[in-house]
Amino acid sequence: MPHIHPTAVVDAAATLADDVRIGPYCVIGPDVVLAEGVALESHVVLDGRTEVGPRAKFFPFSSIGLPPQDLKYRGEESRLVIGADTVVREHVTMNPGTEGGGLVTSIGERCLIMVGAHVAHDCRIGNDVILVNNATLAGHVTIEDHAILGGLCAVHQWVRVGAHAFVGGMSGVEHDVIPFGSVIGNRAHLGGLNIVGLKRHGFSRDQIHALRKAYRLLFADEGTLLERVDDVARTFEDEPLVQTIVEFIRSGSDRALCTPRTGQGL
-8 MPHIHPTAVV DAAATLADDV RIGPYCVIGP DVVLAEGVAL ESHVVLDGRT EVGPRAKFFP
52 FSSIGLPPQD LKYRGEESRL VIGADTVVRE HVTMNPGTEG GGLVTSIGER CLIMVGAHVA
112 HDCRIGNDVI LVNNATLAGH VTIEDHAILG GLCAVHQWVR VGAHAFVGGM SGVEHDVIPF
172 GSVIGNRAHL GGLNIVGLKR HGFSRDQIHA LRKAYRLLFA DEGTLLERVD DVARTFEDEP
232 LVQTIVEFIR SGSDRALCTP RTGQGL
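See the structure below:
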């Protein structure tokens, strides 16, 4: 049977795996589903149609699954899905989706969501993502695998942050960030590639060298961005990492693209 502290309030309709651990003063709503090994330290609120994967862990005063902070929300049956082995630290807030965003907010596996971070409605967060203290995501943001968002940064609604990208602390991000990119500033500009992250994740020197060459070509002064993207696609057709950036740019979104300031990051 789940281990539930006597002071916790758990709705009888909630679905709990046999080895779930719920600490003091937690509150669990009727539509919450907790998989095996999930642990709530204390004072955690889990509500709404929230599904939590195996071995996820929640720290005190996190508020998960309550209605979105969106005036267009009308009580539609939306969900929040949190992947396996994700850690949610103190005072984190996560909201479910809305009708305008597909009705789902999703957080992948093995993510670390640090103190005070906010994941708004309809966000899509990949696997192995880190949100550092007080990182804030507006609605409909997409964060791809292995991205790291620094403390006190803020990401505008509908923005995409590519895989293995790095957002510096206190940055205001209003444009899409390419995979492997590193941005900083208010408003954030592209400051180069996330070399530290590439090395940490075991990318080879040749792979990093190819990315650097492609980066310089992409953000050179000659021609338009779309022309340079086509040139890079042809020049590096056998480089999968470069093609990841090309596909990211070509797929587009309603947001512009973060680019370097003149003479920087090249």
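The letter at position 136 of the sequence shown is residue 127 when you use the working numbering, and the numbering goes up by one with no holes. Where is the CB? At the ideal position from N, CA and C, for every residue including glycine.
query: Straight-line Cα distance separating G92 from G256; result: Annotation note: pLDDT 49 at G256 (below 50); position unreliable, coordinate value reported separately. Roughly 34 Å separates the two Cα atoms.
query: Validate contact between the segment 100 to 110 and the segment 203 to 210 using beta carbons, cut 8 Å, 3 pairs; result: no
query: C-beta atoms of P170 and A145 nearer than 8 Å; result: no
query: Alpha carbon of T89 to alpha carbon of P59, nearest angstrom; result: 8 Å
query: S97 - partner residues in DSSP beta bridges; result: V72, R115
query: Rounded straight-line distance, which links the Cα of A201 to that of F194; result: 11 Å
query: Bounding residues of the beta strand (DSSP E) (the contiguous stretch that carries E184); result: Residue 184 is actually Leu in this sequence, not Glu. Residues 179 to 184.
query: Residue range of the beta strand (DSSP E) that includes T41; result: 40 to 43
query: Which of helix, strand or coil DSSP assigns to G256; result: Summary for G256: the model assigns pLDDT 49, below 50, so the residue's position carries little reliability; its value from the coordinates is reported in the next sentence. Reduced to three states, the DSSP call for G256 is coil.
query: Cβ contact check for the segment 238 to 252 and the segment 166 to 186: 3 or more pairs under 8 Å; result: yes
query: Three-state secondary structure (DSSP) of D10; result: coil
query: For R65, the nearest candidate out of F50, I73, L94 (CA to CA); result: L94
query: Buried or exposed by the 16-neighbour rule on C-beta atoms within 10 Å, applied to V36; result: buried
query: Helix, strand or coil at F239 [DSSP, three-state]; result: helix
query: Nearest candidate by alpha-carbon position, reference A47, set R40, V29, T41; result: V29
query: Buried/exposed call for N86, threshold 16 Cβ in 10 Å; result: buried
query: Residue span of the alpha helix (DSSP H) that contains I199, given as start and end; result: 196 to 209
query: Proximity of P21 and A(-1) at Cβ, strictly below 8 Å; result: no
query: Residues near H82 in its chain [Cβ-Cβ closer than 7 Å; skip 5 each side]; result: F52, S53, V106, G107
query: Under the three-state DSSP convention, the category L217 falls into; result: helix
query: Reference H137, options V164, L103, G159, closest by Cα; result: L103
query: Anticipated Cβ contact below 8 Å, E42 with R12, distance rounded; result: The pair is not a contact, with the Cβ atoms about 18 Å apart (cut-off 8 Å).
query: DSSP-derived helix/strand/coil call for T(-2); result: coil
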